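If you're matching positions, the sequence shown starts at 516 in the numbering used here and goes up one per residue. Quick reminder that beta carbons are idealized off the backbone N, C-alpha and C, glycines included. The structure presented is a predicted model; accordingly, all values stated were derived computationally and were not measured.
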Amino acid sequence: MIEWHRKCLMDFYGDKLTHNRYDLIFIYRAILKEYLSWVIEAETLVSLEDIAEIIISKMDVLVEDSYQNTSQSIISSENYTSYIRGTKTMDEQAMITRLLTSMEAAIAELQLQDEMSATLTSLLNTLKSELIDKPVDNKPLLQAILFYLKTGKNFDE
């Protein structure tokens with residue numbers, strides 16, 4: 516889907532999208548995602564045509580500004596390619612490793628009951644396995660772990 520969005524934006528904006536192209540693709544997808552989430556959750560009917568017009572008008576401004584200014588692009592071609600393939604860059608791997616190490620230290624520093632400490636350590640080990648050892652993340656498992664860490668509740672509670 517992201518590649519289709521890239522192609523549509525490139526076809527629509529042409530040469531104006533050459534500078535900061537990948538940043539603009541991500542911005543477009545973020546805007547689209549939020550509006551679609553709102554449409555799904557809205558209790559009132561929302562005009563998709565109105566939303567499309569707003570998105571297009573905002574993208575026009577962003578693309579024109581990007582074309583006129585030569586600001587530094589945040590997302591490189593390599594990062595974009597890595598993202599759409601679902602692979603992590605070395606920087607991401609290093610960041611994940613540092614974060615997991617920090618979490619390990621935090622668990623050790625906290626004076627938790629043995630059961631809670633064991634649960635958190637087990638979750639951390641599962642996160643390590645999913646985020647570092649496997650080429651593709653098990654998103655439902657990661658979401659369940661994050662849900663538990665955020666709420667402290669199981670799904671069945």
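Suppose contacts are defined by Cβ-Cβ distances below 8 Å. Is residue 582 in contact with residue 531 by that definition? Sequence index remark: in the sequence shown, residue 582 carries index 67 (1-based). Sequence index remark: in the sequence shown, residue 531 carries index 16 (1-based). Cβ atoms of residue 582 and residue 531: closer than 8 Å.
Residue 543 versus residue 617: straight-line alpha-carbon distance, rounded: As a working mapping, residue 543 is identified with position 28 in the sequence shown. As a working mapping, residue 617 is identified with position 102 in the sequence shown. One C-alpha to the other measures close to 34 Å.
Output yes or no for whether 8 Å exceeds the beta carbon distance between residue 573 and residue 546. Within the sequence shown, the letter at position 58 stands for residue 573. Within the sequence shown, the letter at position 31 stands for residue 546. Yes, they are a contact pair.
Rounded to whole angstroms, what is the Cα-Cα separation between residue 535 and residue 625? Mapped onto the sequence shown, residue 535 falls at position 20. Mapped onto the sequence shown, residue 625 falls at position 110. In this structure, the CA atom of residue 535 is about 44 Å from the CA atom of residue 625.
From 569, 651, 529, 537, residue whose alpha carbon lies closest to that of residue 589: On the sequence shown, position 74 is the one that residue 589 refers to. Considering only 569, 651, 529, 537, the residue with the shortest C-alpha distance to residue 589 is 537.
Three-state secondary structure assigned by DSSP to residue 667: In the sequence shown, residue 667 corresponds to position 152, counting from 1. In the structure shown, residue 667 sits in coil (DSSP, three-state: anything other than H, G, I, E or B).
Using a Cβ-Cβ cut-off of 8 Å (strictly less than) and excluding sequence neighbours within five positions of residue 627, which residues of its own chain qualify? Working through the sequence shown from its first residue, we reach residue 627 at position 112. Here the set comprises 635.
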